[in-house]
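Q:
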Amino acid sequence: MIDGFKHSQFAHCESGVVSTLLTHYGLKISEPMAFGITSTLSFVFLPIVKLNNMPLIAYRDLPKNIVKNIEKVLGVKVFKKQYKDILEANLELTRLVEDEKKLVGLQTSVFYLPYMPENMRFHFNAHNLLVYGKSGKNYKVSDPVFEDVVECSEKDLTTARFAKGVFSPKGFIYYPTYIPTNIDYTFILKKAIRKNAKSMLTPFPFAGVKGMRRLAKSIEKLQNNKDVRYVKNYLTHVVRMQEEIGTGGGGFRFLYAAFLQEAKAYELDKDKLQKASELITEAGDTLRLFALKCVESAKKIEKLNAKEISEILVKASIFEEEAFKILKNI
Amino acid sequence: MKKIEVPQENNSTLNGQRKVMYGTNESGEFQRINYASSVEEFATITAVEEYHELEKECLEEIKNDISSPIKYFMYKNRMDLPTLSSVVDMFSFRVKRHLKMKHFRKLNDKILQKYALGFNIKIEELKDFKI
């Protein structure tokens, strides 16, 4: 057991884990901050990449983006390791939490975690959690999307750490080893916000606000699709990618809006931050309406009005475009 | 600051757990708030049911000697072809063949064992698959 460790529940697994880890090792940083300074807000729609025969849609940057970038951005040092040998990975984890009393982050697959509700278990390989101790053959796990701590057997956790497929974790483990003292937040925030604005306003047609519009177009095309089952699965797939993987896509927008509010504490243009934060909150709300409409249509396909749904998504993209145009030169 | 509505509906897929999202309090500050959304519930259940549907269809195909039990277990484990290929460490064109009954019958124990391991079942469950 690690002294002074307190479990908290977060909106998103990776930013939650990184926030808890850094705070535990002496650098107090909130979840929105961890999310924002690593410029993680994103949108990607890649129709050629298929997951269960559905296009890839993501509302934030690639998994591991936060763990990787937090080092660069803050100047902290993070021990990161992937393993070839399953036994070694497990022995090392035991040594770290039992002997060295370290709090560590792990990347796992949701499907193999026995404490996950049955209906939530899909092959999503980039779920992050914390291990804070061991009793007998069970690890003590602090899963950031759960209300309370849980236990997970050595065997199951190892399976989850070595799941195969896209983003396979290969036993990925991480914890901070060095925390710098003087951090110039104003400079860091400015850079991170600008970077995020650039990525959201990219001319690449499958990412950022343009990607959102591309997805809107492909939804519009569903109107003439006669395959009812496909349309239903498509619409709910969009919602699942938005609302479930990590936190909601609407949720990611609120997380970023919270980050912009927090950034007001530093020497940055407060009016711009306020305005952008409001716009991104609007975008988040619009995305939630979009999800609601998708689900309503999936329930009653005969009433599908694809044009209406796609227009809501376009509206959300306009809010985001406006917000990031303000933020571009903060 | 606009007030963010936090849904307090029912989401049976979380077995009583509630997730958190960022919402605003009376003074407009952001904070974490527990929520449960029926929109999410429906989307999750649709995805789970799709797998059940695929399993059922597959059983029909197995009866008609078209598909193999490997395909059934693939769906039962909520996998798609790329995931299964990665789990058993074989090229997907090979795995695709194994999903067909006529190729499945010719598989040796070594290959079947790989699949059994991937699905966490006994090799007999594949060999003596009964509907």
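Line by line, the protein sequences give chains A and B. The opening residue of the first sequence carries number 18 in the numbering used here; numbering runs sequentially from there. The opening residue of the second sequence carries number 15 in the numbering used here; numbering runs sequentially from there. Every residue, glycine too, gets a C-beta built ideally from N, C-alpha and C. Keep in mind it's a predicted model, so treat the numbers as computed, not measured.
If I measure Cβ to Cβ from A/Glu115 and keep anything under 7 Å in the same chain, skipping five residues before and after, which residues do I get?
A: Indexing the first sequence from 1 puts residue 115 of chain A at position 98. These residues qualify, in order along the chain: Lys151.
Q: Mapping DSSP to helix, strand and coil, what is B/Gln45?
A: One-based indexing of the second sequence puts residue 45 of chain B at position 31. The answer is strand: DSSP assigns B/Gln45 an E or B state.
Q: So, helix, strand or coil for A/Pro64, using DSSP?
A: On the first sequence, residue 64 of chain A is found 47 positions in, with the first residue counted as 1. Correct three-state label for A/Pro64: strand.
Q: Could you check if A/Val35 is buried or exposed, using at least 16 other CB atoms within 10 Å of its CB as the buried criterion?
A: For the purposes of this step, residue 35 of chain A is identified with residue 18 of the first sequence, where counting begins at 1. Buried, since its Cβ has 16 or more Cβ neighbours within 10 Å.
Q: Since A/Pro72 meets chain B, which of its residues come closer than 8 Å, beta carbon to beta carbon?
A: Here residue 72 of chain A corresponds to residue number 55 of the first sequence, with the count starting at 1. Under the 8 Å cutoff, chain B gives no residues; its nearest Cβ is about 13 Å from A/Pro72.
Q: Counting only Cβ-Cβ distances shorter than 9 Å, please list the residues of the region 23-43 of chain B near chain A, keeping chain order.
A: Ser26, Thr27, Leu28, Asn29, Gly30, Gln31, Arg32, Lys33, Val34, Met35, Tyr36, Gly37, Thr38, Gly42 and Glu43: these are the residues of the region 23-43 of chain B whose beta carbon lies less than 9 Å from some beta carbon of chain A, given in chain order.
Q: Just checking: is the beta-carbon of B/Val53 within a distance shorter than 8 Å of some beta-carbon in chain A?
A: Working through the second sequence from its first residue, we reach residue 53 of chain B at position 39. Taking CB atoms only, B/Val53 has a neighbour in chain A less than 8 Å away.
Q: Distance, Cα to Cα, B/Tyr36 vs B/Phe105?
A: Here residue 36 of chain B refers to the residue found at position 22 when the second sequence is read from its first residue. Here residue 105 of chain B refers to the residue found at position 91 when the second sequence is read from its first residue. Their Cα atoms are separated by approximately 43 Å.
Q: Just checking my contact of A/Lys332 with A/Thr298 at CB under 8 Å: how many whole Å lie between their CB atoms?
A: On the first sequence, residue 332 of chain A is found 315 positions in, with the first residue counted as 1. On the first sequence, residue 298 of chain A is found 281 positions in, with the first residue counted as 1. Going by Cβ atoms, the distance from A/Lys332 to A/Thr298 rounds to 14 Å, so no, they are not a contact pair.
Q: Where in the region 87-145 of chain A do unbroken runs of the beta strand (DSSP E), each at least 3 residues long, occur, reported from the N-terminal end onward?
A: 94-98 and 121-125
Q: Compute the Euclidean distance between the alpha carbons of A/Phe221 and A/Asn145, then round it to the nearest angstrom.
A: Sequence index remark: in the first sequence, residue 221 of chain A carries index 204 (1-based). Sequence index remark: in the first sequence, residue 145 of chain A carries index 128 (1-based). Near 29 Å, if we compare the C-alpha coordinates of A/Asn145 and A/Phe221.
Q: Within a Cβ cutoff of 6 Å, which residues of the same chain sit near A/Ala315, ignoring the five residues on either side of it in sequence?
A: Residue mapping note: residue 315 of chain A aligns to position 298 of the first sequence, counting from 1. For A/Ala315, where only same-chain residues beyond five positions count, the Cβ hits under 6 Å are Lys249, Leu252 and Thr253.
Q: Shorter than 8 Å from the beta carbon of B/Met104 to some beta carbon of chain A?
A: Residue mapping note: residue 104 of chain B aligns to position 90 of the second sequence, counting from 1. No, because no Cβ of chain A sits closer than 8 Å to the Cβ of B/Met104.
Q: Quick one: does A/Thr194 have its CB under 8 Å from some CB of chain B?
A: On the first sequence, position 177 is the one that residue 194 of chain A refers to. Chain B, which has no Cβ nearer than 8 Å to the Cβ of A/Thr194, makes this no.
Q: Just checking: is the beta-carbon of A/Val312 within a distance shorter than 8 Å of some beta-carbon in chain D?
A: This model lacks chain D altogether, as its protein chains are A and B.
Q: So, is B/Thr60 buried or exposed, given that buried needs 16 or more other C-beta atoms within 10 angstroms?
A: Position 46 of the second sequence, counted from the first residue, corresponds to residue 60 of chain B. Under a 10 Å Cβ-count criterion, B/Thr60 is classified as buried, with 16 or more other Cβ atoms of the shown protein chains found around its own Cβ.
Q: Going by alpha carbons, who is nearest to B/Leu68 out of B/Ala57, B/Phe56 and B/Ser81?
A: Looking up residue 68 of chain B in the second sequence gives position 54. Nearest option by C-alpha distance: B/Ser81.
Q: Run the proximity test for A/Val90: is its beta-carbon closer than 7 Å to any non-hydrogen atom belonging to the ligand GDP?
A: Annotation note on the ligand GDP: not contained in the displayed structure, which lists no ligands.
Q: Select from the region 162-177 of chain A all residues with a C-beta closer than 8 Å to any C-beta belonging to chain B, and list them in chain order.
A: Val162, Phe163 and Glu164
Q: Suppose you measure from the CA of A/Ala224 to the CA of A/Ser334; what does that come to, to the nearest Å?
A: The residue labelled residue 224 of chain A in the question sits at position 207 within the first sequence. The residue labelled residue 334 of chain A in the question sits at position 317 within the first sequence. Whole-angstrom Cα-Cα distance: 11 Å.
Q: Look at the alpha carbon of A/Asn136 and the alpha carbon of A/Ile347, and state the distance between them as a whole number of angstroms.
A: Position 119 of the first sequence, counting from 1, holds the residue named residue 136 of chain A. Position 330 of the first sequence, counting from 1, holds the residue named residue 347 of chain A. Computed Cα separation, rounded: 43 Å.
Q: Between which residues of its own chain and A/Thr219 is the CB-CB distance below 6 Å, once the five residues before and five after are set aside?
A: On the first sequence, position 202 is the one that residue 219 of chain A refers to. Around A/Thr219: Gly225.
Q: Can you give, in chain order, each stretch of the beta strand (DSSP E) that sits fully within the region 80-114 of chain B and has at least 3 residues?
A: none
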